[in-house]
Amino acid sequence: MVKKKETQFEKKDLEEVVSEIKQRFGEGAIMKLKEVRPVDVDVIPTGSISLDMSLGVGGVPRGRV
């Protein structure tokens, strides 16, 4: 399988979309995996440790779903 190189236009478009989402929904709404940093958010635990861990904040973020 041949990997397609990301062009400057695609990267710019992606950055614009991410920026717009952050403006509309707040700073923790979307992030790249390499930018992951601890976020202090009120959460509702699901009761499933694996699901809470995969959500990244320890549960369902309160007021975001």
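Numbered by the numbering used here, the letters in the sequence shown go through residues 86 to 150 in order.
The beta-carbon is built from N, C-alpha and C at its ideal position, and this holds for glycine as well.
On a predicted model such as this, the values are computed, not experimentally measured, just so you know.
In this structure residue 137 touches residue 144 by the C-beta definition: roughly 5 Å separates them, less than 8 Å.
For residue 128, DSSP records a beta bridge to 146.
Annotated as proximal: residue 113 and residue 126, with beta-carbon spacing under 8 Å. For residue 118, the closest C-alpha among the options 93, 140 and 94 is that of 140.
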